[in-house]
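Residue numbering for the sequence shown follows the numbering used here, beginning at 217 and increasing consecutively.
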Amino acid sequence: MKVKSAYAKYTRVANQRRLTGLDAARIILGPEGLDDVSIEGIPGQLTDHYDPRTKKLGLSAGVANQPSVASLAIVAHEIGHALQDNRGYAPLRLRGAIVPAVQVSAWVAPILFFIGFLLGATSLAWLGVILFALGAGFALITLPVEFDASRRGLRLLQTYRLTDGRELQGAKAVLDAAALTYVAALAQTLATLLYYVSLLTGFGRRD
Numbered sequence: 217m218k219v220k221s222a223y224a225k226y227t228r229v230a231n232q233r234r235l236t237g238l239d240a241a242r243i244i245l246g247p248e249g250l251d252d253v254s255i256e257g258i259p260g261q262l263t264d265h266y267d268p269r270t271k272k273l274g275l276s277a278g279v280a281n282q283p284s285v286a287s288l289a290i291v292a293h294e295i296g297h298a299l300q301d302n303r304g305y306a307p308l309r310l311r312g313a314i315v316p317a318v319q320v321s322a323w324v325a326p327i328l329f330f331i332g333f334l335l336g337a338t339s340l341a342w343l344g345v346i347l348f349a350l351g352a353g354f355a356l357i358t359l360p361v362e363f364d365a366s367r368r369g370l371r372l373l374q375t376y377r378l379t380d381g382r383e384l385q386g387a388k389a390v391l392d393a394a395a396l397t398y399v400a401a402l403a404q405t406l407a408t409l410l411y412y413v414s415l416l417t418g419f420g421r422r423d
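Structure below.
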């Protein structure tokens, strides 16, 4: 809700230079040594992303075509990820390396846990917990990746003078709200993990 609120607010605020997200991307990519990054339109809202596997910057229509403060913030953040990829940022590479394992464990772990728990197969249940912990590790690694991308993005906005002081505060508000979603995701994952562990260890059970 906070992300959508911040986005809705600053998508209605036009930046002083009347630059769309697509304009900003074209201004930044070349001088930053990211000529190998292509730009493509994607459907949806707040679906913007950078894919390190294909070197593609995916921009939604609302971001690519609107000259808003929110558009500049989102584009700068995603180019921040492209810079991480280009510079060999270790947490991004680590996150990318464990993505396949996390994708599998995300649906296998709960199944193994509950089958093991219901059948009294403790080893199987603990295996489910261990696999689920991969998701917690992924969420934890994601935090520095996202915060660093926002830091890089704000620097880009300043370096290329895409926003003035007041607009920069608006861009920061959008990025801060987005960062909270990753904090919330980590908290939710850890809470679920602790719940699974408590069921297996009997912690919190009433006699």
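Positions of the beta carbon are idealized from the N, C-alpha and C atoms, including for glycine.
Return the CA-CA distance between residue i and residue j, expressed in angstroms with no decimal places.
i, j, result
"THR417", "ALA349", "16 Å"
"GLY420", "LEU410", "The predicted model places GLY420 with a pLDDT of 46, which falls under 50 and marks its position as unreliable; any figure quoted below should be read in that light. The alpha-carbon atoms of GLY420 and LEU410 are separated by roughly 11 Å."
"VAL285", "ILE331", "49 Å"
"LEU415", "THR338", "11 Å"
"VAL308", "ARG234", "It should be pointed out that residue 308 corresponds to Leu in this sequence rather than to Val. Answer to the nearest angstrom: the Cα atoms are 32 Å apart."
"TYR226", "VAL279", "11 Å"
"ASP239", "GLY344", "47 Å"
"ALA224", "MET217", "10 Å"
"ILE258", "TYR266", "11 Å"
"LEU335", "TRP342", "13 Å"
"GLU383", "GLY237", "14 Å"
"THR408", "ILE314", "20 Å"
"GLY381", "ARG368", "17 Å"
"PRO268", "TRP323", "24 Å"
"ASP301", "PRO316", "18 Å"
"GLU248", "GLU362", "19 Å"
"GLY312", "ARG371", "24 Å"
"ARG303", "GLN261", "28 Å"
"GLN385", "GLY246", "25 Å"
Determine, using beta carbons only, whether residue i and residue j come nearer to each other than 7 Å.
i, j, result
"ILE244", "ILE290", "no"
"SER366", "HIS297", "no"
"THR379", "ASN231", "yes"
"VAL219", "ALA393", "yes"
"SER321", "LEU347", "yes"
"VAL390", "ALA241", "no"
"THR405", "GLY351", "yes"
"SER325", "LEU402", "Going by the sequence as given, residue 325 is Ala instead of Ser. No, the Cβ-Cβ distance between ALA325 and LEU402 is not below 7 Å."
Out of the options, which has the shortest C-alpha to C-alpha gap to residue i?
i, options, result
"THR397", "GLY344, LEU359, SER287 and SER414", "LEU359"
"THR263", "VAL324, GLU383, GLY274 and ASP251", "GLY274"
"ILE255", "ALA277, GLN261, GLY351 and GLY344", "ALA277"
"TYR376", "ALA389, LEU288 and LYS218", "LEU288"
"VAL318", "GLY336, LEU334, LEU340 and GLY353", "GLY353"
"ARG228", "PRO283, PRO247, GLY260 and ARG269", "PRO283"
"LYS272", "LEU250, GLY260 and ILE314", "LEU250"
"PHE333", "VAL413, GLY381 and TRP323", "VAL413"
"TYR305", "GLY381, ASP364, GLY369 and THR408", "ASP364"
"ILE357", "GLN261, VAL399 and PRO268", "VAL399"
My assumption, with CB atoms under 8 Å, is that residue i sits in contact with residue j. Please give the rounded CB distance.
i, j, result
"LEU373", "ALA387", "6 Å"
"LEU328", "LEU340", "6 Å"
Between residue i and chain B, is the shortest Cβ-Cβ distance under 7 Å, so that the two count as touching?
i, result
"TRP342", "In the structure shown, chain B cannot be found, because there is only a single protein chain."
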